[in-house]
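Reviewing the structure listed below.
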Amino acid sequence: MSEATELKQHAIDYSQQIPNNVNLSNDRMLQRALEQWQPRFLNWWHDTGPVGTSTLQVYLRTAVSVDRDGWANFGYVRMPEYRWGIFLVPQDENRKVNFGDHKGETAWQEVPGEYRSILRRIIVTQGDTEPASVEQQKLLGKSCPSLYDLRNLFQVNVEEGRHLWAMVYLLHRYFGRDGREEGEALLQRRSGDANNPRILTTFNEKTANWLAYFMFTFFTDRDGKFQLAALAESGFDPLSRTCRFMLTEEAHHMFVGESGIARILQRTCEVMRDRDISDPAQVRAQGLIDLDTLQRYVNFHYSVTLDLFGAEISSNAATFFTSGVKGRYKETGLTDDHLLASDQYVLQDVENGRMVDKSVPALTALNARLRDDYTREIQAAVDRWNRIPEKFELAFRIKLPHLAFHRKIGNFAGHHVSHEGDLMSKEAWDVRAAEWLPSNSDHEFVDSLMGRVVEPGKFANWIAAPARGINNLPLEFEYVRFD
Ligand code: BYC
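Residue numbering for the sequence shown follows our numbering, starting at 750 and increasing by one per position.
This is the structure in structure tokens:
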């Protein structure tokens, strides 16, 4: 590729009605179809996006190019004027299909006919999560703990909106009429709607307060990272290219979650040490989130996010892999044969009332494998969190529940399993569930702390200030303007 072509592929053209780096103006039909979808997207954003934002100016980052420095562009944006667009990392003409039956073939620039329906399904499932998360977070701005956090919420929201654009571009460009219909349906389903819900379970749960939001961005956005990383390996090159750019945005979302929970831990532990208190009721009386409640939120969000990996044993996942449409985490960097024809994988299951380890064909266990990769990364981050109580010489440590705890999808669905991983009767589970999962009164308590703090540099009582501001600005910076 010449240097000039490469630069062009990196740069995003903001003079267009739909900013893009895919030469949209060269394909008039596609451009018109997307220009017709655009006002419907904006209506959806207006109806179900963050409330009360039409007059705000928010200090947001906007991608100006898809290269490493493309993110350096920060400035005030009026929320309804945010420029959602279509950004793919540049095409590498030498890229190959790197796994499955087509390994070694040149990566596909068009959808192979035989894989059309599975690719469409994966793209729709991925696309559906993006607007769902915006819908789940719609009301959070009303109870933000600071301007810094409010700005981060809106940054996440606009980027999830752009991730919907990314999938809708693929549907319109590569799937003709069916794709356009799916693009409409993505704007019709609603998180939590009894008649027309979002596709995956977790995206129909409520994100009612900021503790739930930080947990969601920590646990569930990280599922997004792992699923996008698996799709970034796809032999269908446009999917790979768009997922690679989406991953650069995902990093900030996970940062919001990890640092948000760390700041809550910091604040609670600090007061517990200073006032020498440990009883959750005493902690709550200080207007803080007690550590047991934090642990129960971890148990809930971790377990519902594990469900997003699908069933541990899945013939769908095997088909996705052999056909070259969805790889493993970091597939290209793995050193095996990328075929898995005779490999085995060990996973846990329930057999005859007992928890057992069993070896199964690796091809069928790809959902479990991706989940295990995810869990390793989650555990490493939990270990980082645990340095905070350690620093304050408190005995408390966050402990991830067992994989089988509180599961609705896969091997463990229908079983009752304790936090430690012991199988139990439904009756015994019912007695102990409130110890492990947030109760209505936990939610009510957390909700009761959520007053709105919008004075620059001020933070709600229940959360510590972050270590530094956005884009190296001071914490007192006016990250959101209300005029
Ligand atoms: N809820 O064979 P199985 C993100 C269905 S998050 C409801 O195990 P498969 C983000 C399944 O569809 C990442 N239904 O499924 C994060 C199938 O239905 P049919 C999103 C479920 O296909 C935060 C049946 O059960 N991206 O980006 O192996 C903010 C049999 O299941 C669920 C993706 O997920 C569930 N949890 O695996 C914003 C990537 N799980 O065919 C964004 C694309 C399974 O019987 N999706 N089912 O009607 C996939 O790769 C796969 O669809 C899954 C499921 C891994 C999700």
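Heads up, the beta-carbon is just placed ideally off N, CA and C, and yes, glycines get one too.
Query raised in the report: According to the Cβ coordinates, are L1115 and K1107 closer than 8 angstroms?
Result: The residue you call residue 1115 lines up with position 366 of the sequence shown. The residue you call residue 1107 lines up with position 358 of the sequence shown. Cβ distance not < 8 angstroms, so L1115 and K1107 don't count as in contact.
Query - Helix, strand or coil at F1141 [DSSP, three-state] - result: The count along the sequence shown starts at 1 and reaches residue 1141 at position 392. Three-state result, F1141: coil.
Query raised in the report: Is there at least one non-hydrogen atom of the ligand BYC closer than 7 angstroms to the beta-carbon of S1072?
Result: Indexing the sequence shown from 1 puts residue 1072 at position 323. No, Cβ of S1072 sits at least 7 angstroms from all heavy atoms of the ligand BYC.
Query raised in the report: So, using beta-carbon positions, are L902 and G890 closer together than 8 angstroms?
Result: For this step, residue 902 is matched to residue 153 along the sequence shown. For this step, residue 890 is matched to residue 141 along the sequence shown. In this structure, G890 lies closer than 8 angstroms to L902 by Cβ.
Requested in this report: Could you tell me the boundaries of the alpha helix (DSSP H) in which P880 lies?
Outcome: Stepping through the sequence shown from its first residue, residue 880 is reached at position 131. Unbroken alpha helix (DSSP H) run through P880: R865 to Q885.
Requested in this report: Could you give the DSSP three-state label for Q858: helix, strand or coil?
Outcome: Locating residue 858 in the sequence shown gives position 109, where the first residue counts as 1. Coil at Q858, not helix or strand.
Query raised in the report: Taking C-alpha atoms, which residue in L935, F1194 and H759 lies nearest to A957?
Result: Indexing the sequence shown from 1 puts residue 957 at position 208. Out of L935, F1194 and H759, F1194 has the C-alpha closest to the C-alpha of A957.
Query - First through last residue of the beta strand (DSSP E) which encompasses Q1093 - result: Start at 1 with the first residue of the sequence shown, and residue 1093 comes out as number 344. Counting along the chain, the beta strand (DSSP E) containing Q1093 begins and ends at Q1093 to E1100.
Report task. Can you tell me which of the three DSSP states S814 falls into? Result -> Your numbering for residue 814 matches position 65 in the sequence shown. Three-state result, S814: strand.
Requested in this report: Grab me the residues of V771's own chain with a C-beta within less than 7 angstroms of its C-beta, minus the 5 sequence neighbours each way, in chain order.
Outcome: Within the sequence shown, numbered from 1, the residue matching residue 771 stands at position 22. So the list reads I835 and L837, once near-sequence residues are dropped.
Query raised in the report: Should L949 be counted as a contact of the ligand BYC given a C-beta to heavy atom distance under 7 angstroms?
Result: Translated into the one-based positions of the sequence shown, residue 949 becomes position 200. Yes, Cβ of L949 sits closer than 7 angstroms to a heavy atom of the ligand BYC.
Report task. Can you tell me which of the three DSSP states Y1078 falls into? Result -> For the purposes of this step, residue 1078 is taken as residue 329 along the sequence shown, with counting starting at 1. Looking at Y1078 - three-state DSSP - the assignment turns out to be coil, as it is neither helix nor strand.
Query raised in the report: Taking the C-alpha atoms as reference points, what is the distance between D1039 and R1045?
Result: Numbered from its first residue, the sequence shown carries residue 1039 at position 290. Numbered from its first residue, the sequence shown carries residue 1045 at position 296. Approximately 10 angstroms, taken between the alpha carbons.
Requested in this report: Confirm, please, whether the CB-CB distance from A1213 to R1016 is below 8 angstroms.
Outcome: Residue numbering aside, residue 1016 sits at position 267 when the sequence shown is read from its first letter. Residue numbering aside, residue 1213 sits at position 464 when the sequence shown is read from its first letter. Yes, the pair counts as a contact, with Cβ atoms nearer than the cut-off.
Query raised in the report: Taking the alpha-carbon positions, what's the G798 to A1000 distance?
Result: Residue numbering aside, residue 798 sits at position 49 when the sequence shown is read from its first letter. Residue numbering aside, residue 1000 sits at position 251 when the sequence shown is read from its first letter. Computed Cα separation, rounded: 21 angstroms.
Requested in this report: Put Y695 into one of helix, strand or coil per three-state DSSP.
Outcome: No information on residue 695 is available, as it lies outside the stretch 750 to 1232 that the chain covers here.
Report task. Identify whether S989 lies in helix, strand or coil by the three-state DSSP scheme. Result -> Position 240 of the sequence shown, counting from 1, holds the residue named residue 989. Correct three-state label for S989: helix.
Query - Cβ-heavy atom distance, G1059 to the ligand BYC, below 7 angstroms - result: Position 310 of the sequence shown, counting from 1, holds the residue named residue 1059. Yes, Cβ of G1059 sits closer than 7 angstroms to a heavy atom of the ligand BYC.
Query raised in the report: From what residue to what residue does the beta strand (DSSP E) around K1107 run?
Result: As a first step, residue 1107 must be located in the sequence shown, where it is residue number 358. R1103 to P1110 is the extent of the beta strand (DSSP E) around K1107.
Report task. Say yes only if the C-beta of E909 is nearer than 7 angstroms to one or more non-hydrogen atoms of the ligand BYC, and no if none qualify. Result -> Position 160 of the sequence shown, counting from 1, holds the residue named residue 909. True, at least one ligand heavy atom lies under 7 angstroms from that Cβ.
Query raised in the report: Would the region 1063-1071 and the region 1163-1174 be scored as touching if the rule is three or more Cβ pairs under 8 angstroms?
Result: Under the Cβ criterion (8 angstroms, minimum of three pairs), the region 1063-1071 does not count as touching the region 1163-1174.
Requested in this report: Taking A1182 as part of the alpha helix (DSSP H), name the residues at either end of that continuous run.
Outcome: Position 433 of the sequence shown, counted from the first residue, corresponds to residue 1182. Per DSSP, A1182 belongs to the alpha helix (DSSP H) from K1175 to W1185.
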